[in-house]
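All remarks here apply to the structure that follows.
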Amino acid sequence: MNELWDVQLQKWAYQCEYLEQFRLAEETLGKEIDAIIAPITPTAAIRHNQFKYYGYASAINLLDFTSVVVPITWADKNVDKKKEGYKALSGIDEAVQAECEFSIPELGNDPVAYDGAPVAVQIVGRRLTEERIMAIAEEIGRLLGNEITP
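Under full-length UniProt numbering, the first residue of the sequence shown is numbered 1, with each subsequent residue one higher.
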C-alpha cells in the first residue's frame with residue numbers, strides 16, 4: 001500500500017509541476033489558455049495492434065487533463081511519401097517509420113495501408129474542462145469543414 005501511495009505522490013508532484021508551467025505561460029501571455037492543440041499520434045489512424053508510440057497521449061493521461069481527438073485531414077498515398085535518405089533518430093522512431101511504410105500488396109498496385117486514414121490532433125485542456133474542450137473541438141472541426149466531428 002505504501003508503494004502505491006508513493007507512486008500517487010509522484011504523479012501528484014508531476015501534475016503540480018505541469019500546472020505551474022501552465023500558470024507561468026498564462027502569466028507571460030497575460031490571459032488564460034483555453035486549450036492546447038497537440039499531436040495524438042506520429043501517424044494517421046493506427047492499424048489494429050500496431051500502436052508503437054504512446055508519448056503524445058500518455059503524458060496527457062498521466063496529467064489527468066481533458067483531451068478530445070479531432071480528425072483534421074486524411075492520409076494520401078500520392079502526397080504522403082517516404083522521405084528519401086531519412087535516418088531514424090531512435091529505435092522507436094525507426095519502428096514508427098516502418099509502420100508508416102506498411103503496404104498491402106494483395107490489394108494491387110502496392111497501396112499504402114494508411115491511404116484515406118484520418119490524421120488527427122488532440123485538443124487538450126485542464127482537468128474538469130470537458131464541456132469547454134468539446135466546444136473548442138467542435139468549432140475546430142466546423143472551421144475545417146469536418147463533417148465527422150460535429
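Backbone N, C-alpha and C fix where the C-beta goes; we use that ideal spot for every residue, glycine too.
These numbers come from a predicted model, not from an experiment.
Using 8 Å for Cβ pairs, my map puts residue i next to residue j. What's the rounded Cβ distance?
i           : j       : result
residue 173 : Pro-118 : No answer is possible for residue 173: it lies beyond the span of the chain, which begins at 1 and ends at 150.
Ala-35      : Ile-133 : 6 Å
Val-96      : Tyr-53  : 5 Å
Gln-15      : Asp-64  : 7 Å
Thr-129     : Thr-66  : 5 Å
Sorted by chain position, which residues of the same chain lie with C-beta nearer than 6 Å to residue i's C-beta, five sequence neighbours on each side aside?
i       : result
Ala-45  : Ala-117 and Pro-118
Ala-137 : Val-68, Val-70 and Ile-123
Glu-94  : Ala-88
Asn-2   : none
Asn-109 : Per-residue confidence for Asn-109 stands at a pLDDT of 44, beneath the threshold of 50, marking its modelled position as unreliable; the derived number appears in the next sentence. Cβ neighbours of Asn-109 beyond the five flanking positions: none.
Leu-107 : Unreliable placement is indicated for Leu-107, whose pLDDT of 49 sits below 50; the coordinate value is still reported in the next sentence. There are no such residues.
Which same chain residues end up closer than 7 Å to residue i when comparing Cβ atoms and leaving out the 5 residues on each side of it in sequence?
i       : result
Arg-127 : Asp-64, Phe-65 and Thr-66
Asp-115 : Ala-75, Asp-76 and Lys-77
Leu-4   : none
Asp-6   : none
Ile-140 : Val-70 and Ile-123
Lys-11  : Leu-62
Out of the options, state which residue places its alpha-carbon closest to the alpha-carbon of residue i.
i           : options                               : result
Ala-135     : Glu-17, Val-69 and Tyr-114            : Val-69
Leu-19      : Ala-120, Val-124, Glu-131 and Glu-139 : Val-124
residue 237 : Asn-49, Asp-80 and Ile-40             : In the structure displayed, the chain extends from 1 to 150; residue 237 sits before or after that span and is not available.
Asn-49      : Glu-99, Val-79, Glu-131 and Glu-139   : Glu-99
Asp-80      : Ala-113, Val-121, Val-7 and Glu-131   : Ala-113
Ala-57      : Glu-32, Glu-138 and Val-121           : Val-121
Beta-carbon within less than 8 Å of residue i's beta-carbon, same chain only, minus the 5 sequence neighbours each way: which residues are those?
i      : result
Ile-33 : Phe-22, Ala-25 and Glu-26
Ala-13 : none
If you measure from the CB of residue i, is any heavy atom of the ligand COA nearer than 7 Å?
i     : result
Leu-9 : This structure does not include the ligand COA; it has no bound ligands of any sort.
Counting Cβ pairs, one atom from each stretch, are 3 or more of them under 8 Å apart for the region 82-89 and the region 17-36? no
With a threshold of 8 Å, are at least 3 pairs of Cβ atoms found where one atom belongs to the region 129-146 and the other to the region 89-103? no
Quick one: complete beta strand (DSSP E) runs, 3+ long, within the region 52-98? 66-74
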